[in-house]
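K.L.:
After the structure tokens below, expect a handful of questions from me.
There are 2 protein chains.
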Amino acid sequence: MADDPRLELLQGTLDMLILKALQREPLHGFGIVSHLDKLSAAAVRVEQGSLYPALYRLEEQGWVKSEWGVSETNRKAKFYSLTAAGRKRFAVETEQWRRMSRAINLILQST
Amino acid sequence: MADDPRLELLQGTLDMLILKALQREPLHGFGIVSHLDKLSAAAVRVEQGSLYPALYRLEEQGWVKSEWGVSETNRKAKFYSLTAAGRKRFAVETEQWRRMSRAINLILQST
DNA sequence: GCGCTTACCTAGAACATCTAGGCAAGCATG
DNA sequence: CATGCTTGCCTAGATGTTCTAGGTAAGCGC
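Take a look at the structure:
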């Protein structure tokens with residue numbers, strides 16, 4: 024792992040990105056992955072093995088809720104949507120992200 | 024941990040920040056911590072329990088080297104400095120950081 | 001010599017993410 | 001109708017980083 028390409032997500036950002044993806048409309052797991060992939064120009068690639076545990080985490084916390092339905096391609100799929108608490112949580116996480124990334128950039132820009 | 028203040032570092036950024044701190048001059052462990060604390064206006068707080076394992080990691084990879092010396096306050100201290108490989112590594116990590124944070128901000132800014 | 005601070009070090013837990021699979025069902029093709 | 005591709009969900013286990021929570025030692029001021 025010394026010299027891996029490091030496409031991995033920064034830890035702690037996955038939850039935030041998922042919440043963001045659900046901000047517009049409910050999506051199923053597969054949809055979340057392709058949504059993020061598209062938006063980030065493939066810079067962010069979420070593995071399913073990371074996604075589903077994250078979704079359960081979010082659901083357990085009450086930030087998203089799920090409902091079985093039928094996908095656009097006529098397969099059964101579990102649709103996740105934001106709860107009110109989830110919207111609040113999203114605001115909190117983005118604020119933390121901004122603060123942390125600002126601090127890091129500050130350090131990087133110092134002489 | 025659901026509602027902790029989350030002052031924790033984003034995973035993967037610690038190494039980069041340490042390398043950055045050593046860019047100007049060799050520092051001992053204690054010095055690195057206070058340096059980062061000062062530069063980030065206390066937004067980044069590195070615990071010693073995180074720092075030392077990270078330093079050993081960096082040394083093992085050949086990105087920093089260490090030498091025993093005497094601190095400004097006349098105590099013995101181990102001074103860490105960047106190697107040539109460490110400088111290269113720092114460039115790689117900052118590039119990765121920039122790419123990832125750009126991608127995340129892109130996603131956050133989407134409608 | 002006592003307490004404070006600087007300074008180093010470690011073991012263990014917690015946690016997120018990735019790897020690497022497996023399962024099932026729709027759909028198209030022959 | 002069988003085969004294969006794709007969509008879609010799910011899990012176990014490994015890996016790696018960071019944090020918690022300690023301990024040790026030595027200089028300095030009083």
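Protein chains in written order, with this note's numbering: chain A, 24 to 134; chain B, 24 to 134. Ideal Cβ placement from N, Cα and C applies to all residues, glycine included. Because the structure is a prediction, the values reported are computed rather than measured.
1. For a contact defined as C-beta to C-beta under 8 Å, what are the partners of Thr106 of chain A on chain B?
2. Whole angstroms are fine: how far does the CA of Ala66 of chain B sit from the CA of Tyr103 of chain B?
3. Answer yes or no: does any C-beta atom of chain B fall closer than 9 Å to that of Lys111 of chain A?
4. Can you find a C-beta in chain A that's less than 9 Å from the C-beta of Leu78 of chain B?
5. In three-state DSSP terms, what is Gly52 of chain A?
6. Is Asn128 of chain B close to chain A? Criterion is C-beta to C-beta, closer than 9 Å.
7. What separation, rounded to the nearest whole angstrom, lies between the Cα atoms of Leu131 of chain A and Tyr75 of chain A?
8. Could one say the Cβ of Ala100 of chain B lies closer than 9 Å to chain A's Cβ atoms, at least one of them?
9. Please state whether DSSP places Gly92 of chain B in a helix, a strand or coil.
10. Using a beta-carbon distance cut-off of less than 7 Å, what residues from the segment 29–59 of chain A approach chain B?
11. For Leu81 of chain B, which residues in chain A fall below 8 Å Cβ to Cβ?
12. State the start and end residues of the unbroken beta strand (DSSP E) segment that holds Leu81 of chain A.
13. Which residues bound the beta strand (DSSP E) around Leu105 of chain A?
14. Can you check whether the CB of Gln84 of chain B is closer than 9 Å to the CB of Leu33 of chain A?
15. Between Ser124 of chain A and chain B, is there a C-beta pair that is closer than 9 Å?
16. How about Val67 of chain A: is its C-beta nearer than 9 Å to some C-beta of chain B?
17. With a CB to CB cut of under 7 Å and the five nearest residues on each side skipped, what residues in its chain are close to His58 of chain A?
18. Taking the continuous alpha helix (DSSP H) assigned at Leu10 of chain B, which residues delimit it?
19. Chain A partners of Leu62 of chain B, CB-CB under 9 Å?
P.N.:
To lay it out plainly:
1. Working through the first sequence from its first residue, we reach residue 106 of chain A at position 83. Taking a Cβ-Cβ threshold of 8 Å, none of the residues of chain B is close to Thr106 of chain A; the smallest such distance is about 14 Å.
2. Within the second sequence, the letter at position 80 stands for residue 103 of chain B. Within the second sequence, the letter at position 43 stands for residue 66 of chain B. In this structure, the CA atom of Tyr103 of chain B is about 23 Å from the CA atom of Ala66 of chain B.
3. The sequence position of residue 111 of chain A within the first sequence is 88, counting from 1. Lys111 of chain A has a beta carbon lying at 9 Å or more from every beta carbon in chain B.
4. Within the second sequence, numbered from 1, the residue matching residue 78 of chain B stands at position 55. Residue contact check for Leu78 of chain B against chain A: no CB pair falls below 9 Å.
5. Within the first sequence, residue 52 of chain A is the residue found at index 29, counting from 1. DSSP, reduced to helix, strand and coil, places Gly52 of chain A within a helical segment of the structure shown.
6. Within the second sequence, residue 128 of chain B is the residue found at index 105, counting from 1. At least one chain A Cβ lies under 9 Å of Asn128 of chain B.
7. If you number the first sequence from 1, residue 131 of chain A lands on position 108. If you number the first sequence from 1, residue 75 of chain A lands on position 52. Approximately 34 Å, taken between the alpha carbons.
8. Taking the second sequence and counting its residues from 1, the one referred to as residue 100 of chain B is at position 77. It does not; no Cβ of chain A falls within 9 Å.
9. Position 69 of the second sequence holds residue 92 of chain B. Gly92 of chain B: strand per DSSP, three-state reduction.
10. Only Arg29, Leu33, Gln34, Gly35, Thr36, Leu40, Lys43, Leu59 from the segment 29–59 of chain A bring a Cβ to less than 7 Å from some Cβ of chain B.
11. For this step, residue 81 of chain B is matched to residue 58 along the second sequence. Close partners of Leu81 of chain B in chain A (Cβ separation under 8 Å) are lacking, with about 11 Å as the shortest Cβ gap.
12. Position 58 of the first sequence, counting from 1, holds the residue named residue 81 of chain A. In the DSSP annotation of this structure, Leu81 of chain A is not part of any beta strand (DSSP E); the continuous alpha helix (DSSP H) holding it starts and ends at 71–84.
13. Indexing the first sequence from 1 puts residue 105 of chain A at position 82. According to the DSSP assignment, Leu105 of chain A belongs to the beta strand (DSSP E) that extends over 99–105.
14. Taking the first residue of the first sequence as position 1, residue 33 of chain A is located at position 10. Taking the first residue of the second sequence as position 1, residue 84 of chain B is located at position 61. Contact flag unset, no.
15. Here the question's residue 124 of chain A lines up with position 101 in the first sequence. Yes, contact with chain B.
16. Working through the first sequence from its first residue, we reach residue 67 of chain A at position 44. For Val67 of chain A, the answer is yes, since a Cβ of chain B falls inside 9 Å of its Cβ.
17. Against the first sequence, residue 58 of chain A aligns to sequence position 35. Excluding residues within five positions, the ones whose Cβ falls inside 7 Å are Ala44, Leu50.
18. A question about residue 10 of chain B goes unanswered here, because the residues of chain B that appear run from 24 up to 134.
19. Your numbering for residue 62 of chain B matches position 39 in the second sequence. Simply Ala126, Leu129, Ile130, Ser133.
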